[in-house]
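Asks:
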Amino acid sequence: MLAVERVDAPIGPKTAGLERAIGQRIEAVTRRGKFLLLPLRPASAWTSPLPAGTAADADAGGDELVVHLGMTGVLSPRPPVAHLRLLLRLDGGRPDVLYVQDARRFGRVLVVPRGDYRALPTLAAMGPEPLGDAFTVTAFAAALARSAQPVKAFLLSQRPVAGVGNIYADEALWRARVHPASPARALSRPKVRALHAAIREVLAAAVELQGTTLYDYRTVNGEVGAYLEKLDAYGHDGDPCPRCGTPLVRSVVGQRGTHHCPRCQRRARSDASARRRRDRSMPGGAR
DNA sequence: CGAGTGCCCTGACAGC
DNA sequence: TGCTGTCAGGGCACTC
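Per the working numbering, the very first residue in the first sequence carries number 24; after that it's consecutive.
1. Starting from F58, follow the beta strand (DSSP E) in both directions and report where the run begins and ends.
2. What's the gap between the Cα of R131 and the Cα of T38?
3. Using CA atoms only, rank isn't needed, just tell me which of A162, L60, T161 and P100 is closest to P118.
4. Pick out the complete beta strand (DSSP E) segments inside the segment 89 to 136, 3 residues or longer, and give them in chain order.
5. Is it buried or exposed for T159, if we count other Cβ within 10 angstroms and need 16 for buried?
6. What would DSSP say about I222, mapped onto helix, strand or coil?
7. Below 8 Å on the Cβ atoms is my guess for R108 versus V120; work out the distance and round it to an integer in Å.
8. Which residue wins for smallest C-alpha separation from D114, given the options P151, A26, H91 and R141?
9. What span of residues does the beta strand (DSSP E) with I49 cover, start to end?
10. What is the DSSP secondary structure of P38, reduced to helix, strand or coil?
11. Assign P285 to one of three DSSP states: helix, strand, or coil.
12. State yes or no: is the C-beta of V272 within less than 8 Å of the C-beta of P285?
13. Would you kindly report the start and end of the unbroken beta strand (DSSP E) that includes T53?
14. Given a threshold of 16 other Cβ atoms within 10 Å of its Cβ, counted over all protein chains shown, does T161 qualify as buried or as exposed?
15. Taking only three categories from DSSP, how would you classify A291?
16. By the 10 Å Cβ neighbour count, where 16 or more other Cβ atoms means buried, how is V276 classified, buried or exposed?
17. By how many angstroms is the C-alpha of V134 removed from the C-alpha of R43?
18. Is the beta carbon of I190 sitting closer than 8 Å to the one on Y257?
19. Excluding the 5 residues flanking P103 on each side, which residues of the same chain have their C-beta closer than 8 Å to its C-beta?
20. Report buried or exposed for D31, applying the criterion of at least 16 other Cβ atoms within 10 angstroms of its Cβ.
21. So, are the CB atoms of F163 and V215 less than 8 Å apart?
22. Starting from the C-beta of G138, find all residues in its chain whose C-beta is less than 8 Å away, skip the five residues before and the five after it, and write them out in chain order.
23. Output the distance between the C-alpha atoms of L315 and G46, rounded to the nearest integer angstrom.
24. Leaving out five residues before and five after V187 in sequence, what residues of the same chain have Cβ atoms less than 8 Å from its Cβ?
25. Could you give the distance in angstroms between the alpha-carbon of R112 and the alpha-carbon of G261?
26. Does P183 come out as helix, strand or coil in the three-state DSSP assignment?
27. I'd like the list of long-range same chain contacts for T332, defined as Cβ closer than 8 Å, with 5 residues on each side in sequence excluded.
28. Please determine, among P173, A126 and P183, the residue with the shortest C-alpha to C-alpha distance to T145.
29. On the criterion of 16 or more Cβ atoms from any shown chain inside 10 Å, does Q172 qualify as buried, or is it exposed?
30. Once the 5 residues before and after L92 are set aside, which same chain residues still bring their CB inside 6 Å of it?
31. On the three-state DSSP scale, how would you describe V201?
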């Protein structure tokens, strides 16, 4: 693989520990949710590996370069016209330079001890990968049952499942006919099942089409993501619901712009209000 | 500990 | 024309 020869980066909390990457070899490129994970290995460890059991073996875990591109981050082998934030020189690699461009500076690039995500609480508490085997209906239902938050806010926390952001949350909730502000634990089993399936469908389709470009997002090859044209709900407030024709509504849930169909996506009642309603509708009272 | 709020940062856009 | 204000959003710090 490649070796990080030099890092030119602004100093700040969003680039903590970066200097530790200098001279280390990038062993692999993996991903958890929206975080890119690049395990590193010191040059000495691959030019002259120490025998197991030596003192240096204690930190055999080594370091890990963690990259989150935020909203507007772009990783590219070509120099950006503006907003260059970081340059990774990859000695002997092809390409030999990676540019990190980030107009709004929401991204972060840092080095942590491998697997030690205490500095990244969201990553530390990250739920299962949405397209992986660990993301089962049962596990999803159990996670949702633990939260009284609006289901959309809970999805955005990354705890019930990894990788669902604002756009795909709206899309999956629309597809599953779940109201974004329904308390997570109030969802019926059929709704949980539908939402589980919708998250998988939406993310699989979005990956297939290389994502959604609203503004700056580009693939590593500089192309826009084509999922934009597939959006049913996100950004379509005022437009007719593709299912029933009712105008879609925009609101704010969990501090984020939210789009839903007021007819297809009925709000699930909390346990307490559902109980009240049941009691009220029961002739002669509950007892 | 879970839930809610404010903040970061800058480009795009509306309004005057 | 050019200024000011508002909005967008992923994750984190802080408060209750």
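We put the CB at the ideal spot given by N, CA and C, even for glycine.
Replies: For this structure:
1. Reading the first sequence from its first residue, position 35 is the one you call residue 58. Run containing F58: F58 to P65, per the beta strand (DSSP E) assignment.
2. The count along the first sequence starts at 1 and reaches residue 131 at position 108. The count along the first sequence starts at 1 and reaches residue 38 at position 15. Their backbone Cα atoms lie some 6 Å apart in a straight line.
3. Counted from its first residue, the first sequence places residue 118 at position 95. Closest option to P118, Cα to Cα, is P100.
4. 96 to 99, 107 to 114, 120 to 125 and 131 to 136
5. Translated into positions along the first sequence, residue 159 becomes position 136. When all chains shown are included, T159 counts as exposed.
6. In the first sequence, residue 222 corresponds to position 199, counting from 1. Three-state DSSP puts I222 in a helix.
7. Position 85 of the first sequence, counted from the first residue, corresponds to residue 108. Position 97 of the first sequence, counted from the first residue, corresponds to residue 120. Actually they do not touch by this definition, with Cβ atoms about 14 Å apart.
8. Here residue 114 refers to the residue found at position 91 of the first sequence. Of P151, A26, H91 and R141, the residue nearest in Cα terms is A26.
9. If you number the first sequence from 1, residue 49 lands on position 26. Per DSSP, I49 belongs to the beta strand (DSSP E) from Q47 to I49.
10. By one-based count along the first sequence, residue 38 stands at place 15. Residue identity differs from the one stated: residue 38 is Thr in this sequence, not Pro. T38 falls in the helix class under three-state DSSP.
11. If you number the first sequence from 1, residue 285 lands on position 262. Coil at P285, not helix or strand.
12. Residue mapping note: residue 272 aligns to position 249 of the first sequence, counting from 1. Residue mapping note: residue 285 aligns to position 262 of the first sequence, counting from 1. Yes; because the gap between Cβ atoms is below 8 Å, this pair is in contact.
13. To locate residue 53, count along the first sequence from 1; it is residue 30. T53 to R55 is the span of the beta strand (DSSP E), which, as asked, contains T53.
14. Here residue 161 corresponds to residue number 138 of the first sequence, with the count starting at 1. So T161 ends up on the exposed side.
15. In the first sequence, counting from the first residue as 1, residue 291 sits at position 268. Of the three classes helix, strand and coil, the one that applies to A291 here is coil, per DSSP.
16. Here residue 276 refers to the residue found at position 253 of the first sequence. Counting Cβ neighbours within 10 Å, V276 comes out buried, since at least 16 surround it.
17. Stepping through the first sequence from its first residue, residue 43 is reached at position 20. Stepping through the first sequence from its first residue, residue 134 is reached at position 111. Looking at the two C-alpha atoms, the distance is approximately 7 Å.
18. Here residue 190 corresponds to residue number 167 of the first sequence, with the count starting at 1. Here residue 257 corresponds to residue number 234 of the first sequence, with the count starting at 1. Contact flag set, yes.
19. Position 80 of the first sequence, counted from the first residue, corresponds to residue 103. V97, Y122 and Q124, listed in sequence order.
20. Reading the first sequence from its first residue, position 8 is the one you call residue 31. The residue is exposed, with fewer than 16 neighbouring Cβ atoms inside 10 Å.
21. What you label residue 163 is simply residue 140 of the first sequence in a count that begins at 1. What you label residue 215 is simply residue 192 of the first sequence in a count that begins at 1. Cβ distance < 8 Å, so F163 and V215 count as in contact.
22. Here residue 138 corresponds to residue number 115 of the first sequence, with the count starting at 1. Closer than 8 Å at the Cβ level, and outside the excluded window around G138, lie G84 and E87.
23. Because residue 315 is not part of the residues shown, which for the chain are 24 to 310, the question remains open.
24. Position 164 of the first sequence, counted from the start, is the residue given in the question as residue 187. Once the five neighbours on either side are set aside, the close Cβ partners of V187 are P153, L178, L179, Q181, A195, I222 and L226.
25. Looking up residue 112 in the first sequence gives position 89. Looking up residue 261 in the first sequence gives position 238. Using only the alpha carbons, I get a separation of about 47 Å.
26. Position 160 of the first sequence holds residue 183. It is coil, neither helix nor strand.
27. Only positions 24 to 310 of the chain appear in this structure, which leaves residue 332 out of reach.
28. One-based indexing of the first sequence puts residue 145 at position 122. Here the closest residue by C-alpha is P183.
29. Stepping through the first sequence from its first residue, residue 172 is reached at position 149. Q172 comes out buried.
30. Locating residue 92 in the first sequence gives position 69, where the first residue counts as 1. Once the five neighbours on either side are set aside, the close Cβ partners of L92 are G130.
31. Translated into positions along the first sequence, residue 201 becomes position 178. Coil, per DSSP.
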